[in-house]
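A quick write-up on the structure given underneath.
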Amino acid sequence: MSEKTAEFKEPFERLQSWLAEAEKSEPNDPTAVALATCTQGGVPSLRMVLMKGCDENGLVFFTNLESRKGRELAENPNVAMLFHWKSLRRQVRIEGAVEPVTTEEADAYFASRPRASRIGAWASKQSREMAGRFEFEAAIAQYTAKFGVGDVPRPDCWSGFRLKPAYFEFWRDRKFRLHERVTFRLYEAGSSWEIAELYP
Ligand SMILES: Cc1cc2nc3c(=O)[nH]c(=O)nc-3n(C[C@H](O)[C@H](O)[C@H](O)COP(=O)(O)O)c2cc1C
Numbered sequence: 008m009s010e011k012t013a014e015f016k017e018p019f020e021r022l023q024s025w026l027a028e029a030e031k032s033e034p035n036d037p038t039a040v041a042l043a044t045c046t047q048g049g050v051p052s053l054r055m056v057l058m059k060g061c062d063e064n065g066l067v068f069f070t071n072l073e074s075r076k077g078r079e080l081a082e083n084p085n086v087a088m089l090f091h092w093k094s095l096r097r098q099v100r101i102e103g104a105v106e107p108v109t110t111e112e113a114d115a116y117f118a119s120r121p122r123a124s125r126i127g128a129w130a131s132k133q134s135r136e137m138a139g140r141f142e143f144e145a146a147i148a149q150y151t152a153k154f155g156v157g158d159v160p161r162p163d164c165w166s167g168f169r170l171k172p173a174y175f176e177f178w179r180d181r182k183f184r185l186h187e188r189v190t191f192r193l194y195e196a197g198s199s200w201e202i203a204e205l206y207p
């Protein structure tokens with residue numbers, strides 16, 4: 008095991024360290040991450056989300072539960088995530104199963120969003136077909152009027168998930184495509200992370 012591999016004994020600290028660097032160098036959305044879900048029948052789909060929390064308990068993102076990803080996660084909680092920071096020439100692959108966040112966590116994050124985004128969450132039937140933009144704009148106007156100057160509560164169909172990772176791979180660019188790949192695998196909950204290096 009190289010000294011570089013031994014730099015971090017567990018993956019969350021390393022991810023946080025890379026995220027901190029990405030925050031300084033990425034032009035926007037350093038926490039944007041590709042999220043792959045899969046139907047029970049094995050058909051994958053992929054889209055970007057914003058990671059809104061990262062600690063040893065997992066990685067949190069928020070979405071509409073009735074969206075395509077929401078429906079796929081309801082039937083199959085196994086996901087893959089991928090960060091790619093072009094400015095750093097680094098990627099991180101993460102795999103595991105998601106769990107719903109608590110009601111309190113969803114409420115707290117929803118309440119922190121700008122008012123227009125909260126109204127948008129009511130108006131958007133995410134991933135379902137709309138007749139045209141006018142339909143969406145009419146729904147925004149309707150909810151804007153409905154909530155007036157009062158509170159905009161969280162819709163039941165809007166919440167979040169926490170990915171509990173069982174696998175991380177940290178990829179770092181090296182000259183002549185001789186890249187560095189360091190993996191962390193958790194064989195069972197509560198055990199320690201097993202670290203390995205892969206050929207590039
Ligand atoms: C940089 C970026 C960040 C995004 N963040 C989120 C997010 O946090 N939550 C979300 O539901 N959609 C987010 N989206 C939109 C999704 O990529 C996607 O269009 C939407 O969630 C519908 O996906 P689905 O039909 O697979 O459910 C983001 C898109 C981009 C490009």
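Just so it is clear: in the sequence shown, position 160 is 167 by the numbering used here, and no numbers are missing. Yeah, the Cβ is synthetic: ideal placement off N, Cα and C, and Gly gets one too.
Worksheet item: What's the call for Tyr-116, buried or exposed, on a 16-neighbour Cβ count within 10 Å?
Response: buried
Fill in: Secondary structure of Lys-93, DSSP reduced to three states
coil
Worksheet item: Can you tell me the Cα-Cα spacing of Asn-85 and Val-105, whole angstroms?
Response: 6 Å
Fill in: Cβ-Cβ separation, Glu-73 to Gln-133 (assumed contact under 8 Å), whole Å
7 Å
Worksheet item: Within 10 angstroms of its Cβ, does Pro-207 collect 16 or more other Cβ (buried), or is it exposed?
Response: exposed
Worksheet item: For Leu-95 versus Glu-144, is the C-beta distance shorter than 8 Å?
Response: no
Worksheet item: What is the rounded straight-line gap between the Cα of Glu-204 and the Cα of Arg-169?
Response: 27 Å
Fill in: Outcome for Ala-138 when other beta-carbon atoms lying within 10 angstroms are tallied against a minimum of 16
exposed
Practice prompt. Could you tell me if Val-189 is buried or exposed, where buried requires 16 or more neighbouring beta carbons within 10 angstroms of its beta carbon?
Written response: buried
Fill in: Neighbouring residues (CB closer than 5 Å to any heavy atom of ligand 1)
Asp-36, Ala-39, Arg-54, Met-55, Val-56, Leu-57, Thr-70, Ser-74, Arg-75, Lys-76, Ser-134
Worksheet item: Where does Asp-158 sit, in a helix, a strand or coil, going by DSSP?
Response: coil
Discussion item. Quick check: the Cα distance between Asn-64 and Leu-193, rounded to an integer number of angstroms?
Written reply: 13 Å
Item to complete: Rounded to whole angstroms, what's the CA-CA distance from Ser-199 to Ala-43? Just pull it up for me.
Response: 26 Å
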